[in-house]
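Data first, discussion second: the structure below is written as structure tokens.
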DNA sequence: ACCCAGGGTCATA
DNA sequence: TATGACCATGGG
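Residue numbers (the working numbering): 3 to 226.
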């Protein structure tokens with residue numbers, strides 16, 4: 003629902019930050035995956051987990067020929083769990099992965115879901131056990147190519163450090179804030195979030211605050 | 001030997 | 001509504 007006071011973000015400010023990031027890092031070509039289904043799997047596996055661990059898990063699934071909704075859904079819990087072990091939380095995530103694949107199959111597959119409007123699709127994704135706001139939005143933006151702005155811990159840290167948000171806003175408030183300010187733009191949202199992650203991961207992760215940050219307002223800090 | 005990572009769910013107050 | 005516990009591996 004709408005928060006009492008809608009988050010006020012200026013388009014010019016957001017675009018300024020975007021240009022700084024783009025200039026510093028260049029085009030990121032996200033999401034790192036070979037197919038939309040792989041994007042969705044990655045979105046679940048990367049929950050609170052470092053990406054290199056997810057890559058190992060996905061490689062295991064590929065090697066076992068388990069990178070399709072049908073095969074994941076029909077495999078045993080233990081087999082899936084064992085394959086995705088490197089991504090952490092493997093019991094929970096095996097359950098989530100299989101629940102999601104069952105959902106895909108029950109809906110007639112990815113092709114059918116593509117025909118839903120964005121609002122309906124988002125609602126349906128969120129109804130799957132283990133798919134929360136960020137996971138759903140990763141899927142919507144990077145697998146379904148819908149103009150949904152993804153909010154994650156990095157987004158909160160960077161923009162609160164820049165003084166553009168407080169940081170404690172609800173997920174929905176932030177998402178709507180960015181979407182309203184920028185206007186629907188799949189390519190922009192895609193690149194923007196990719197750049198945010200790139201910056202957060204590699205920029206000033208070792209210093210509390212980076213003086214030569216590519217963002218003029220100052221960098222995020224490493225800790226939580 | 002810590003700290004933390006591209007979250008989400010569930011139980012309590 | 002809002003915290004806290006829990007899930008678990010691997011890199012710094």
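Glycine included, every Cβ here is placed at the ideal spot set by N, Cα and C.
Please read these numbers as outputs of a predicted model, since none were measured by experiment.
Counting along the chain, where does the alpha helix (DSSP H) carrying residue i start and finish?
{"i": "residue 28", "result": "Run containing residue 28: none; DSSP gives neither H nor E here."}
{"i": "residue 54", "result": "53-65"}
{"i": "residue 70", "result": "Per DSSP, residue 70 belongs to no alpha helix (DSSP H) and is neither H nor E."}
{"i": "residue 194", "result": "188-204"}
{"i": "residue 105", "result": "92-108"}
{"i": "residue 114", "result": "112-115"}
{"i": "residue 41", "result": "38-47"}
{"i": "residue 162", "result": "155-163"}
{"i": "residue 131", "result": "Run containing residue 131: none; DSSP gives neither H nor E here."}
{"i": "residue 181", "result": "173-184"}
{"i": "residue 82", "result": "79-85"}
Please state if the CB of residue j and the CB of residue i are separated by a distance shorter than 8 Å.
{"i": "residue 11", "j": "residue 175", "result": "no"}
{"i": "residue 61", "j": "residue 68", "result": "no"}
{"i": "residue 269", "j": "residue 112", "result": "Only positions 3 to 226 of the chain appear in this structure, which leaves residue 269 out of reach."}
{"i": "residue 89", "j": "residue 51", "result": "yes"}
{"i": "residue 173", "j": "residue 135", "result": "yes"}
{"i": "residue 16", "j": "residue 184", "result": "yes"}
So, under 8 Å CB-CB, residue i and residue j are touching, yes? Tell me the CB distance rounded to an integer number of Å.
{"i": "residue 1", "j": "residue 49", "result": "No answer is possible for residue 1: it lies beyond the span of the chain, which begins at 3 and ends at 226."}
{"i": "residue 101", "j": "residue 132", "result": "6 Å"}
{"i": "residue 115", "j": "residue 109", "result": "6 Å"}
{"i": "residue 129", "j": "residue 41", "result": "The pair is not a contact, with the Cβ atoms about 19 Å apart (cut-off 8 Å)."}
{"i": "residue 59", "j": "residue 24", "result": "Between residue 24 and residue 59 the Cβ distance is about 30 Å, and since that is not below 8 Å, they are no contact."}
{"i": "residue 188", "j": "residue 147", "result": "5 Å"}
{"i": "residue 164", "j": "residue 217", "result": "7 Å"}
{"i": "residue 98", "j": "residue 46", "result": "5 Å"}
{"i": "residue 152", "j": "residue 201", "result": "The Cβ separation is near 14 Å, so there is no contact."}
{"i": "residue 122", "j": "residue 142", "result": "So it is not a contact: roughly 11 Å between Cβ atoms."}
Could you tell me if residue i is buried or exposed, where buried requires 16 or more neighbouring beta carbons within 10 angstroms of its beta carbon?
{"i": "residue 250", "result": "The structure shown does not extend to residue 250, since the chain spans only 3 to 226, so no value can be given for it."}
{"i": "residue 71", "result": "buried"}
{"i": "residue 36", "result": "exposed"}
{"i": "residue 33", "result": "buried"}
{"i": "residue 44", "result": "buried"}
{"i": "residue 29", "result": "exposed"}
{"i": "residue 93", "result": "exposed"}
{"i": "residue 80", "result": "exposed"}
{"i": "residue 150", "result": "buried"}
{"i": "residue 204", "result": "exposed"}
{"i": "residue 168", "result": "exposed"}
{"i": "residue 83", "result": "buried"}
{"i": "residue 19", "result": "buried"}
{"i": "residue 21", "result": "exposed"}
Go through its chain and collect everything with a Cβ distance to residue i's Cβ below 6 Å, but skip five positions before and after it.
{"i": "residue 5", "result": "The predicted position of residue 5 is uncertain, since its pLDDT is 45 and thus under 50; no value can be drawn from it."}
Using a Cβ-Cβ cutoff of less than 8 Å, which residues in the same chain neighbour residue i once the five nearest sequence positions on both sides are dropped?
{"i": "residue 54", "result": "none"}
Might you give, ordered along the chain, the residues of its own chain that have their beta carbon closer than 7 Å to the beta carbon of residue i, omitting 5 neighbours on each side?
{"i": "residue 3", "result": "The predicted model places residue 3 with a pLDDT of 47, which falls under 50 and marks its position as unreliable; any figure quoted below should be read in that light. For residue 3, where only same-chain residues beyond five positions count, there are no Cβ hits under 7 Å."}
{"i": "residue 75", "result": "100, 103, 104, 107"}
{"i": "residue 171", "result": "9"}
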